[in-house]
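Reviewing the structure listed below.
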Amino acid sequence: MENLYSTLGCQNFVGVEELRRSYLTLVKEFHPDKHIDEIGHSSNCPNEIHKPDVKEGQNGQTVAGNRLEKFIAIDKAWKILKDIELKEKYDLVLKQRLLCQDWPIQDELEINEFDEDTPNYVHVCRCGGKYILNSTDVRFHLDYVCCDSCSLCVKILYLQEFPD
Ligand SMILES: [Zn+2]
C-alpha cells in the first residue's frame, strides 16, 4: 500500500495545513508543464522527494514520464488527504497497517482469495479466527491484516484491479 503521507513528503498523520504546504511546493516542482532545467532546486535538500531524478535515464522523455507519474501520485494523495472524511478513513487503514506490519507474516494472499461477506472481505485463519477487511481497507489497498483471534498476520496482494 502506498503511503500517501510519504508521497506528499510529510510525516504520517500530519494535519491538512501541513499537507497543503507540502503539496503546493511539490506541485510546483513536479508539474509536467515545467521543464526539468527550470526547477532549480538544490541537491542538498534533505527531503528525498525534492531531489531531482539523477539516476533515471539520460533521455528527457523518461525523466518527463517519471515526473508526470510523480505529479499524478502527488495530486491523487492530496485529493484523498485534503478530504477530512477520507483522511480519517485513510488514517485508520494506515494505523492498522503500521500495527500489523511488525507481526509475524503467516502467508501472502491475493485479495480474491478473500470471501465476500458484505460489507467485509473475510479469510479464515488456521486458528479458526478471521482476517477481516472492510471496503475502506480494500479501497486503500491495505496490505497487512491481523487475525482477529491470534497474533498472525497475512500480507495481501492486489495483483489485479479489484472492483470497488
Ligand atoms: Zn489466527
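Note that the sequence shown covers residues 1 to 164 in full-length UniProt numbering. Where a beta carbon is used, it is the ideal one built from N, C-alpha and C, also for glycine.
Residue pairing by DSSP puts Lys155 in a beta bridge opposite Glu108, Tyr144.
If you check the C-beta of Leu152 against ligand 1, you find a heavy atom less than 8 angstroms away. Relative to Ser151, the option among Leu157, Gln160, Arg126 whose CA is nearest is Arg126. Measuring C-alpha to C-alpha distances from Glu110 to each of His141, Glu18, Trp78 identifies His141 as the nearest.
Contact check between the region 62-76 and the region 114-128: fewer than three CB pairs, one atom from each, fall below 8 angstroms, which does not count as touching. The residues Pro32, in chain order, have a CB closer than 7 angstroms to that of Leu68 in the same chain once the five nearest residues on each side in sequence are set aside. Tyr121 is bridged by DSSP to Glu116, Leu133.
In this structure, the beta-carbon distance from Ile80 to Leu4 falls below 9 angstroms. Ala77 and Leu8 have their alpha carbons spaced roughly 7 angstroms apart. For Lys87, the closest of Asp143, Cys153, Arg139 by C-alpha to C-alpha distance is Arg139. Burial is judged here by how many other beta carbons sit within 10 angstroms of a residue's own beta carbon; Glu18 has fewer than 16 and is exposed. Nearest Cα to Asn120 within the set Asn112, Gly128, Ser135: Ser135. Judged by DSSP in its simplified three-state form, Val63 adopts helix.
Under the three-state reduction of DSSP output, Asp91 falls in the helix class.
In this structure, Ser149 is the residue among Lys28, Asn112, Ser149 with its C-alpha nearest to the C-alpha of Gly128.
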